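Chains as they are written, first to last, in my numbering: chain A, 1 to 410; chain B, 411 to 820.
Think of the CB as a built atom: it goes at the ideal place given N, C-alpha and C, for glycine as much as any other residue.
Remember, it's a predicted structure, so these values are computed and weren't measured experimentally.
Here the structure is laid out as structure tokens; the discussion comes afterwards.
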């Protein structure tokens, strides 16, 4: 199957034009007009490549060659088209385009029976509804219809309201779940989004584990008071407490081992006036580590450091864990298949790594044998308009994907 | 002149009802509908007390007994009606109501010639247009028409556009300035807004100095990147830098002596997403000290600590000083008059203090002999709906004001 970089570039550039912020990176929340345009581009390409498609109740798109029925056991490959605000043009898109390119190359070869289903997962990033991987979690059933009715986008619409025009259906969700037996394995191709591969000139790598993630909403409550006439000893300054906690969160990974990271990405204070001591500060914490023991230790330390910063200033505090996803070890036999395919393409020894970022692959891994293939990100820049990966590297990874799926699944 | 607490309460309660947030404290930005209703209440009371009034080009209201012409040299007393968002019902209002109560008491006594002008300064707080004491600074000429055209409220209207319906006029400003010879002195009555007087049970105090204030806008710029796949050593996290700086700002007053305070009241980050390393953090600093040397030292240390936090993380930084008001020593002879009047009322020895908060009095002090009289604030709470001062204490302070102004100015 002749994988062609020029078609891959054309798809990435076409999808990049579907954004709420032309010229300033990708802004493509799930179910938005820009997201739908991107999805429709993919569907049009799939139809031209002789495929049929369906949208499941969670809003994910599934695409197979017309010669492959929906009941046949196949390989699954794909990723997402939604982006963070001010995001890049490669995150997620590369994995969708790679799967489509394999289907396109097979069609060009006159192959209408390649055992591959391409998938576009809805809302991976978590910035549209405040929680990530909603499409894959809805599909496998770890989020039910009520849970998805409880998240809202910035227009105040819940998942079902936002997705109704695009095939999402709360009513059908329970009946339209993933059947693991339908899939021999998931191979998700994605950009690394970190600097390690680029630094070491690893163009393509096999991912053997995905770090677990815990997210938290932290609230500190003090007393609003006049910034001029309240002595430093008489204050209950919620932002000063938050600043101490955020500085401590930055040091937390030192305790948790090599691949742990911790990030405070959002903060808001009230009343947010230049001359008023803040009465309330709310911030998020995103904590990741490659094993669950480290996550558990991080959880304990986080609670202790927030409590200490609050106590020192007479603040009330509250920590809500908004998400907890365990670390995931990917599938050994499928990883061996990828290594063997790499050997066949002259790519051995293939670099191997751990994903610090979460992906839909982590959601499906407990149910379907799963691996990921990473493509190097220039300088590790991601979630940023400057995000970039070499087309040659994406094409190489796509050839590796094609070699894996061009074998009848057992 | 019989000063009556019941009338003072009635005014404070009436004005408190004019707010954009009923039941949640005062929210009365200058020139808003709520502010205008409060001002109209004061004007109606003044007219009932036999007064005439005018609005100067900067939007400040001036009220005199009808028997006192605009050219006569008089005492000046008043404060402001605008509030911070989520503010209290006493800040500013007490000083306006006290001056009105003296005019009302004089009128009741058949005195149409008491040499007192009540004043309502426009926009003292600084939260409406991002800069404080605009009315008094416009009146004395330290802000000209162009400067006031350069500040905008949250509706995007500049000072002149927002104030046009309420008497403000850029065209008249240069000709309608304060003439210092018209005023024998300014006595501004205000709540303390700090805990010191309440702690020591000082009901009323003479203010002999006002701390100077410098305000800053600080911006840190890093790189937006993925919170999961970017190692801690590869980050340029603008919020982590801001947190270190904010924690250091909290410690800054320790270096600057007893009455110094420093506050970070506002913060905003971009892109403000749970799983993206912040690329930009912007926060304000409000620094106050009772003498200019301490302010200068604070300025130096602030710049150094921001630069250090930025450098450690490879961030760009920028510090803009948005306001610089020197510390003000109040008028000695006028303070002696207040002490003498306190003696006559059995209030000697009158407590004396320094104001950590800035006031319109600090703006007029270089041009007109000025003092302030403070009323204790319960637990020092201010800029908060829980703000409270005893009506008895306000009435005592108003009697002191009446005793000072009930003497022909020299």
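- Residue 323/A: not part of any alpha helix (DSSP H); member of the beta strand (DSSP E) spanning 316 to 325, first to last residue.
- Collapsing the DSSP output to three states places residue 602/B in coil.
- Scanning the region 554 to 611 of chain B from its first residue to its last, the whole alpha helix (DSSP H) runs of 4-plus residues come out as 555 to 559, 569 to 573, 580 to 583 and 606 to 609.
- Taking C-beta separations shorter than 6 angstroms and ignoring five residues to either side along the sequence, the partners of residue 509/B in its chain run 487, 488 and 528, following chain order.
- For the pair of segments examined, the region 435 to 451 of chain B was found to touch the region 532 to 550 of chain B: the number of CB pairs separated by less than 8 angstroms reaches three.
- For residue 765/B, the chain A residues whose C-beta falls within less than 8 angstroms of its own C-beta are 228 and 229, listed in chain order.
- The continuous stretches of alpha helix (DSSP H) do not include residue 286/A, which lies in the beta strand (DSSP E) extending over residues 280 to 289.
- By the CB criterion at 8 angstroms, residue 768/B and residue 623/B fall inside the cutoff.
- Of all residues in the region 120 to 132 of chain A, the ones placed with a Cβ closer than 8 angstroms to any Cβ belonging to chain B are 125, 126, 127, 130 and 132, in chain order.
- Setting aside the 5 residues that flank it on each side, residue 405/A is surrounded in the same chain by 75 and 116, each with a C-beta closer than 6 angstroms to its C-beta; the list follows chain order.
- Closest option to residue 654/B, judged by alpha-carbon separation, among 714/B, 619/B and 596/B: 714/B.
- In this structure, DSSP gives residue 653/B a helical state, which the three-state scheme calls helix.
- Cβ-Cβ separation between residue 286/A and residue 215/A: approximately 5 angstroms, consistent with a contact (criterion under 8 angstroms).
- It is roughly 14 angstroms from the alpha-carbon of residue 595/B to the alpha-carbon of residue 618/B.
- Your pair residue 650/B and residue 246/A checks out as a contact, with CB atoms roughly 7 angstroms apart and the cut at 8 angstroms.
- At a C-beta separation below 7 angstroms, residue 721/B has no neighbours in chain A, since its nearest C-beta there lies roughly 15 angstroms away.
- Under the 8 angstroms criterion on CB atoms, residue 317/A is classed as non-interfacial with respect to chain B.
- In the three-state reduction of the DSSP assignment, residue 445/B falls in the helix class.
- In terms of beta-carbon proximity, residue 272/A lines the interface with chain B, with at least one pair separated by less than 8 angstroms.
- If you look at residue 710/B, you'll find it in the alpha helix (DSSP H) that goes 702 to 722.
- Separation of the CB atoms of residue 331/A and residue 274/A is rounded to 55 angstroms, and the pair is thereby denied contact status at 8 angstroms.
- Assignment of residue 439/B by DSSP, reduced to helix, strand and coil, places it in the coil class.
- The alpha carbon of residue 420/B has as its nearest neighbour, out of 669/B, 613/B and 804/B, the alpha carbon of 804/B.
- The three-state reading of DSSP puts residue 267/A in strand, counting E and B together.
- In this structure, the alpha-carbon of residue 727/B lies about 48 angstroms from that of residue 334/A.
- Looking at the DSSP output, residue 373/A shares a beta bridge with 189/A and 206/A.
- Taking 8 angstroms as the cut-off, the Cβ atoms of residue 259/A and residue 289/A count as close.
- A residue is called buried when at least 16 other Cβ atoms come within 10 angstroms of its Cβ; residue 311/A does not meet this threshold and is exposed.
- If you look at residue 117/A, you'll find it in the beta strand (DSSP E) that goes 116 to 121.
- When C-alpha distances from residue 108/A are compared across 4/A, 262/A and 379/A, the shortest belongs to 4/A.
- Nearest to residue 299/A by alpha-carbon distance, out of 174/A, 261/A, 69/A and 282/A, is 261/A.
- The alpha-carbon of residue 417/B is positioned some 36 angstroms away from that of residue 233/A.
- Within the region 467 to 518 of chain B, the complete beta strand (DSSP E) segments at least 3 residues long are 471 to 475 and 484 to 490, listed from N- to C-terminus.
- Sequence-distant Cβ neighbours of residue 180/A in its own chain, meaning closer than 6 angstroms and more than five residues away, are 367 and 368.
- Close CB contacts of residue 162/A within its chain, under the 6 angstroms cut and outside five residues either way in sequence, are with 31 and 153 (chain order).
- Proximity of chain A to residue 653/B at the Cβ level (cut-off 7 angstroms) is accounted for by 243, 246 and 247, in chain order.
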